[in-house]
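Report on the structure given below.
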Ligand SMILES: [Zn+2]
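Numbering (this note's numbering), first residue to last: -9 to 422.
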């Protein structure tokens, strides 16, 4: 697979060279650096198409993005300010859509018209994309004001240095390009995902264990058509926004062992750690939540009720095996999902060990972590867990995990269908 990607990229570069005579036409009107700009755009498009077809992702570091956009921006400035021949400039158009209308009127050669319109839009698309990768989706207004100010400044400088005309339509087209880039992000992230290099630093232990606070989220059903009356059914679009929020803000997802080891100070803690858990192995997980988690390379935990495996409303064993190949761990959520505090000691033990044995024989795993069905437990439940070798158990009581958390009463925050993105942000910051 890797080799065929390389080969296709090589072929695309070959094609670029084959078409070099056509690219060179541009240098009649523009500074030779235009070849570089065309090459950047062409190569990015080629990478996108090749990776998309191979269904592969490319991780890009934030630093690489800053560098490329700076080089690209400089090249664009050269294009705007240094043109080969002494074409006469200095005209002014402040009437919106006059130039655009002129190009569309048919009075100009259609190729030149299209080229002018497309270039004025297309060359600005990378800025919208860049902004979205770096600042996330919460800033369209800010993006618009920044790029309006920048483009007006460029237009005016061009005019006063006699390097170009002052045309309000250029502004309209350029901003259109930036906005298109902003919205193309959802397509772009199918291939280019940002590596959180700016978040790689870890909290030094000197900051003290009392500063370690880790949210553990508890999800249930994730579906495009959730039952609005069921608190535990979250719409897919809301879930996607939450996952995007975590990805855009540099959160590192954990497995249960990592979560507990971090609370205990055994391993270093990333800057923004979070544990994502899903209860009850419901069948929606596989088609809806799983692809999103996989796309972002996020780890998560599936607390599985073993009697429910292969039932119509739940995931099949084959699906559990597949998600396990992509960073999802399967953990113990009893055999039949009872209220544990109401059972006698023997039945408690049976629920826990039967589930553990099933997971072992079916999926070949040792499930060390546990979630209480309905968040219900008593002291006897905890001692049963300890005796059966379970290392940690999760409640649904809310709050953040700290070094003081009891490993058998680890707090989880339940995400409900009415939660807005603001609720979500508050929950992961405060635990409630
Ligand atoms: Zn449950």
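Every residue gets a Cβ at the ideal spot worked out from N, C-alpha and C, and that includes glycine.
Start and end of the alpha helix (DSSP H) containing residue 481? The displayed coordinates of the chain run from -9 to 422. Any statement about residue 481 would go beyond what the structure contains.
Consult DSSP for residue 194 and reduce its assignment to one of helix, strand or coil. Here the question's residue 194 lines up with position 204 in the chain shown. Only weak support is given to the placement of residue 194: the predicted model assigns it a pLDDT of 45, under 50, and the value that follows is read from those uncertain coordinates. Coil.
Using a threshold of 8 Å, state whether the C-beta atoms of residue 53 and residue 115 are closer than that. Translated into positions along the chain shown, residue 53 becomes position 63. Translated into positions along the chain shown, residue 115 becomes position 125. No, these two residues do not count as a Cβ contact at 8 Å.
Classification of residue 210 by the beta-carbon crowding that lies within 10 angstroms, buried from 16 upward: Position 220 of the chain shown holds residue 210. Looking at its Cβ environment, which holds 16 or more other Cβ atoms inside 10 Å, residue 210 is buried.
Which residues in the same chain have their Cβ closer than 6 Å to the Cβ of residue 344, if we skip the five residues on either side of it in sequence? Looking up residue 344 in the chain shown gives position 354. Excluding positions up to five away in sequence, the list reads 325.
Alpha carbon to alpha carbon, what distance is there between residue 159 and residue 89? Here residue 89 corresponds to residue number 99 of the chain shown, with the count starting at 1. Here residue 159 corresponds to residue number 169 of the chain shown, with the count starting at 1. If I take the Cα positions, the gap works out to 6 Å.
Sub-8 Å separation of residue 323 and residue 383 beta-carbons: Taking the first residue of the chain shown as 1, we reach residue 323 at position 333. Taking the first residue of the chain shown as 1, we reach residue 383 at position 393. Going by C-beta atoms, residue 323 is not nearer than 8 Å to residue 383.
Looking at C-alpha atoms only, which residue of 357, 385, 287, 69 is the closest neighbour of residue 367? As a position in the chain shown, residue 367 is number 377, starting the count at 1. Comparing Cα positions, the closest option is 385.
Nearest CA to the CA of residue 470: which residue from 234, 219, 218? Nothing about residue 470 can be reported from this structure: the residues present for the chain run from -9 to 422 only.
Please identify the residue among 364, 123, 416, -3 whose C-alpha is closest to the C-alpha of residue 37. Taking the first residue of the chain shown as 1, we reach residue 37 at position 47. Residue -3 is the option with its Cα nearest to residue 37.
What number of angstroms, rounded off, separates the C-alpha of residue 245 from the C-alpha of residue 288? For the purposes of this step, residue 245 is taken as residue 255 along the chain shown, with counting starting at 1. For the purposes of this step, residue 288 is taken as residue 298 along the chain shown, with counting starting at 1. Whole-angstrom Cα-Cα distance: 10 Å.
Which word fits residue 42, buried or exposed, when buried means at least 16 other C-beta atoms lie within 10 angstroms of its C-beta? Sequence index remark: in the chain shown, residue 42 carries index 52 (1-based). By the neighbour-count rule (16 or more Cβ atoms within 10 Å), residue 42 is not buried but exposed.
Would DSSP call residue 360 helix, strand or coil? Here residue 360 is taken as the residue at index 370 of the chain shown, counted from 1. Residue 360 falls in the strand class under three-state DSSP.
Output the residues surrounding ligand 2, defined as those with a CB atom closer than 6 Å to any ligand heavy atom, in chain order. Looking for ligand 2 in the displayed structure turns up nothing; the ligands present are ligand 1.
Figure out for me which residue from 306, 203, 236, 307 has the closest Cα to the Cα of residue 286. For this step, residue 286 is matched to residue 296 along the chain shown. Of 306, 203, 236, 307, the residue nearest in Cα terms is 236.
Residue span of the beta strand (DSSP E) that contains residue 168, given as start and end: Your numbering for residue 168 matches position 178 in the chain shown. It is not in any beta strand (DSSP E) - residue 168 instead sits in the alpha helix (DSSP H) that spans 158 to 178.
Helix or strand or just coil, what does DSSP make of residue 81? As a first step, residue 81 must be located in the chain shown, where it is residue number 91. Three-state result, residue 81: coil.
Can you give me the C-alpha to C-alpha distance between residue 258 and residue 202, rounded to a whole angstrom? Counting from one through the chain shown, the residue named residue 258 turns up at place 268. Counting from one through the chain shown, the residue named residue 202 turns up at place 212. Near 10 Å, if we compare the C-alpha coordinates of residue 202 and residue 258.
Given 8 Å, three or more beta-carbon pairs between the segment 161 to 171 and the segment 223 to 233: no
Reference residue 352, options 307, 247, 329, closest by Cα: On the chain shown, residue 352 is found 362 positions in, with the first residue counted as 1. If we check each option's Cα against that of residue 352, 307 comes out closest.
Residue 100: buried (16+ other C-beta within 10 angstroms of its C-beta) or exposed? The sequence position of residue 100 within the chain shown is 110, counting from 1. Classification for residue 100: exposed.
Cβ neighbour criterion (16 or more within 10 Å) applied to residue 7: Taking the first residue of the chain shown as 1, we reach residue 7 at position 17. That one is exposed.
Nearest to residue 377 by CA position, among 107, 314, 338, is which residue? Residue 377 sits at position 387 when you count from the first residue of the chain shown. Closest option to residue 377, Cα to Cα, is 338.
Identity of the residue in 5, 250, 241, 320 nearest residue 280 by Cα: For the purposes of this step, residue 280 is identified with residue 290 of the chain shown, where counting begins at 1. The candidate whose alpha carbon is nearest that of residue 280 is 320.
Sequence ranges, alpha helix (DSSP H) only - wholly within the segment 343 to 422, length at least 4: 369 to 377, 411 to 420
Per-residue burial, residue 208 [other beta carbons within 10 Å of its own, 16 or more giving buried]: Residue mapping note: residue 208 aligns to position 218 of the chain shown, counting from 1. With 16 or more Cβ atoms within 10 Å of its Cβ, residue 208 is classed as buried.
By the 10 Å Cβ neighbour count, where 16 or more other Cβ atoms means buried, how is residue 313 classified, buried or exposed? In the chain shown, counting from the first residue as 1, residue 313 sits at position 323. Answer is buried; the Cβ neighbour count reaches 16.
For residue 12, which residues from the same chain have a beta carbon less than 7 Å from its beta carbon, with the 5 sequence-adjacent residues on both sides left out? Walking along the chain shown from the start, residue 12 turns up at place 22. Cβ within range, chain order: n/a, list empty.
Assuming contact is defined by CB atoms lying nearer than 8 Å, are residue 273 and residue 303 in contact in what I supplied? Start at 1 with the first residue of the chain shown, and residue 273 comes out as number 283. Start at 1 with the first residue of the chain shown, and residue 303 comes out as number 313. In contact: residue 273 and residue 303 (Cβ atoms closer than 8 Å).
With a cut-off of 8 Å, do at least 3 Cβ pairs link the segment 22 to 38 to the segment 52 to 67? yes
Put residue 66 into one of helix, strand or coil per three-state DSSP. Position 76 of the chain shown, counted from the start, is the residue given in the question as residue 66. In this structure, residue 66 counts as helix in the three-state DSSP scheme.
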